[in-house]
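Chemist: 216 is the number that numbering that gives the first Met the number 0 gives to position 217 of the sequence shown; each next residue is one higher, with no gaps.
Quick one: structure below, then a few questions.
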Amino acid sequence: MNKAKINQSIKLELLANPKIDIQVLADKYNVTTMSIGANKSTLVKQGLLEPTNNKHEEFGKRLISGINDEVADVTEVTKTAYKLKKEKNENTYANHDGENKEVARVKIAKYVIDSGVVGTIPTLPNTEWAIEQKIDSQVSGNDFIGVECHEPTFKVMKSNLKKLSLKAKTVFGLIGSIIYTKLENTYAHLILDYCGNLATICKEIEYAIVNDIIGVGGIMAITFSKPIRGTDMQSEKLKGLASITNNIKDERCMSDKGVEAYFNKITGWNYQVVEFFYYQDTYPMTLVIIKRIK
Ligand SMILES: C[S@@+](CC[C@H](N)C(=O)[O-])C[C@H]1O[C@@H](n2cnc3c(N)ncnc32)[C@H](O)[C@@H]1O
Numbered sequence: 000m001n002k003a004k005i006n007q008s009i010k011l012e013l014l015a016n017p018k019i020d021i022q023v024l025a026d027k028y029n030v031t032t033m034s035i036g037a038n039k040s041t042l043v044k045q046g047l048l049e050p051t052n053n054k055h056e057e058f059g060k061r062l063i064s065g066i067n068d069e070v071a072d073v074t075e076v077t078k079t080a081y082k083l084k085k086e087k088n089e090n091t092y093a094n095h096d097g098e099n100k101e102v103a104r105v106k107i108a109k110y111v112i113d114s115g116v117v118g119t120i121p122t123l124p125n126t127e128w129a130i131e132q133k134i135d136s137q138v139s140g141n142d143f144i145g146v147e148c149h150e151p152t153f154k155v156m157k158s159n160l161k162k163l164s165l166k167a168k169t170v171f172g173l174i175g176s177i178i179y180t181k182l183e184n185t186y187a188h189l190i191l192d193y194c195g196n197l198a199t200i201c202k203e204i205e206y207a208i209v210n211d212i213i214g215v216g217g218i219m220a221i222t223f224s225k226p227i228r229g230t231d232m233q234s235e236k237l238k239g240l241a242s243i244t245n246n247i248k249d250e251r252c253m254s255d256k257g258v259e260a261y262f263n264k265i266t267g268w269n270y271q272v273v274e275f276f277y278y279q280d281t282y283p284m285t286l287v288i289i290k291r292i293k
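What follows is the structure, given as structure tokens:
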């Protein structure tokens, strides 16, 4: 690997896991810890990473010029990200039929179809490609990037795709790896049906919005569990709002006001929050639909 590629891989690992041990990373890429620190500083300056001392740094609009000419290909990016995820052994989705999950799927598909915007759509289809098939049955011309970070799920997702007529490719890794580093108007829509924890996904959502990576008229559909949990909180903007859930465990499901305030805060002038929909999966869930209006 040449120096630029090494630096890019280091940056991607830092983005995927900001708390990674610098020495471990230095050993892995056979570079000095100073070199890791320099990559970290670059990401902090670009607003992609919080400073280590956790001081809030404004996440202003920018062109990611430094990182742009070093972007690794998708396969390499996702391989790197996956190694990190595998260690955590997270994410299996066994509740396809949660109460109102199908309503949420229909809503997501409808917003994409009604937008009239057609193009490339990164998505988390799990094994069934349910939302993607709904879209494809109504409007042609979209191509999907199905991303999955859990290996057994990925294999089934990939083999199921062969039975469908969807125009799609599959990527093994974290969806953040195909969000970070992307520039304006890269995608038509983003279907981020994580059913995850807002605290750990918010940074890539903010990146996508700040950098306008979906085109005008496109939508972002995001699902996550309703409580705002404090662990691994990646956004200062969200941290402030989590406190209104008053930290009493059973009452954190009341955090819809915090969630709504957060999305209204991060969307700015170019986006409109068009719907919040609360439904039941294994846990109480939130679907947020955001539209890029200019
Ligand atoms: C809720 S399921 C998707 C459900 C599917 N869209 C449907 O309609 O049935 C989320 C899937 O995405 C995967 N996943 C969650 N977060 C991810 C991430 N950050 N990167 C890649 N895959 C992720 C999970 O392993 C899971 O298979």
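Note that the Cβ used here is the ideal one computed from N, Cα and C, for glycine as well.
Bear in mind that the values here come from a model prediction, so they are computed numbers and not experimental data.
Could you spell out where the beta strand (DSSP E) holding S224 opens and where it closes?
Modeler: 218-224
Chemist: Any heavy atom of ligand 1 closer than 7 Å to the Cβ of A108?
Modeler: Result no, Cβ not under 7 Å from ligand 1.
Chemist: Smallest Cα separation from V284: which of C201, T126, L173, L197?
Modeler: Per the sequence presented here, residue 284 reads as Met, with Val not at that position. Ranking C201, T126, L173, L197 by Cα distance to M284 puts L197 first.
Chemist: Within its chain, find whatever has a CB closer than 7 Å to the CB of V73; leave out the 5 residues flanking it on each side and keep chain order.
Modeler: In this prediction, V73 scores a pLDDT of 40, lower than 50, which makes its location untrustworthy; the coordinate-derived value is nonetheless stated afterwards. V170, I177.
Chemist: For K290, name the three-state secondary structure that DSSP assigns.
Modeler: strand
Chemist: Assuming R291 contacts G217 (C-beta within less than 8 Å), just tell me the rounded distance between them.
Modeler: 5 Å
Chemist: Could you name the residues of the same chain whose beta carbon sits closer than 6 Å to that of E86, not counting the 5 residues immediately before and after it, in chain order?
Modeler: Because E86 carries a pLDDT of 39, less than 50, the predicted location of this residue cannot be relied on, and the following value inherits that uncertainty. Close CB contacts of E86 within its chain, under the 6 Å cut and outside five residues either way in sequence, are absent.
Chemist: Assign I9 to one of three DSSP states: helix, strand, or coil.
Modeler: helix
Chemist: Using a Cβ-Cβ cutoff of less than 6 Å, which residues in the same chain neighbour E274 once the five nearest sequence positions on both sides are dropped?
Modeler: I288
Chemist: Under the three-state reduction of DSSP, which class applies to D211: helix, strand or coil?
Modeler: Secondary structure at D211: coil, using DSSP grouped into helix, strand and coil.
Chemist: Should the segment 177-189 be regarded as contacting the segment 147-166, the criterion being three or more beta carbon pairs within less than 8 Å?
Modeler: no
Chemist: Please report the distance separating the alpha-carbon of N99 from that of K168.
Modeler: 28 Å
Chemist: Just checking: is the beta-carbon of F276 within a distance shorter than 8 Å of some beta-carbon in chain B?
Modeler: Protein chains in the displayed structure number just one, and chain B is not present.
Chemist: So T152 is in the alpha helix (DSSP H); what residue range does that whole segment cover?
Modeler: Looking at the DSSP string, the run of the alpha helix (DSSP H) that includes T152 is 150-161.
Chemist: Would DSSP call Y282 helix, strand or coil?
Modeler: When secondary structure is reduced to three states using DSSP, Y282 falls in the coil class, being assigned neither helix nor strand.
Chemist: Output the boundary residues of the beta strand (DSSP E) element that contains I19.
Modeler: Note, I19: premise wrong, no beta strand (DSSP E); not H, not E.
Chemist: Classify Q132 as helix, strand or coil using the three-state DSSP reduction.
Modeler: helix
Chemist: Note down the Cα distance separating A220 from K109, rounded to an integer number of angstroms.
Modeler: Inter-residue distance for A220 and K109 is about 11 Å (C-alpha atoms, whole angstroms).
Chemist: For ligand 2, is there any heavy atom lying closer than 7 Å to the beta carbon of L14?
Modeler: This structure does not include ligand 2; its bound ligands are ligand 1.
Chemist: Please list, in chain order, all residues of the same chain as K133 whose beta carbon is under 6 Å from its beta carbon, the five residues on each side excluded.
Modeler: A108
Chemist: Are there any heavy atoms of ligand 1 lying less than 7 Å away from the beta-carbon of A260, as far as the coordinates show?
Modeler: no
Chemist: Hey, is L123 close to ligand 1, as in C-beta under 7 Å from one of its heavy atoms?
Modeler: At least one heavy atom of ligand 1 is nearer than 7 Å to the Cβ of L123, so yes.
Chemist: With the cut-off set at 8 Å, would you say G140 and V117 are in Cβ contact?
Modeler: yes
Chemist: How big is the Cα-Cα spacing for E259 and I174?
Modeler: 23 Å
Chemist: Compute every distance between the C-beta of H188 and the non-hydrogen atoms of ligand 1, then say whether any falls below 7 Å.
Modeler: no
Chemist: Roughly how many angstroms separate the alpha carbons of K236 and K162, rounded to a whole number?
Modeler: 43 Å
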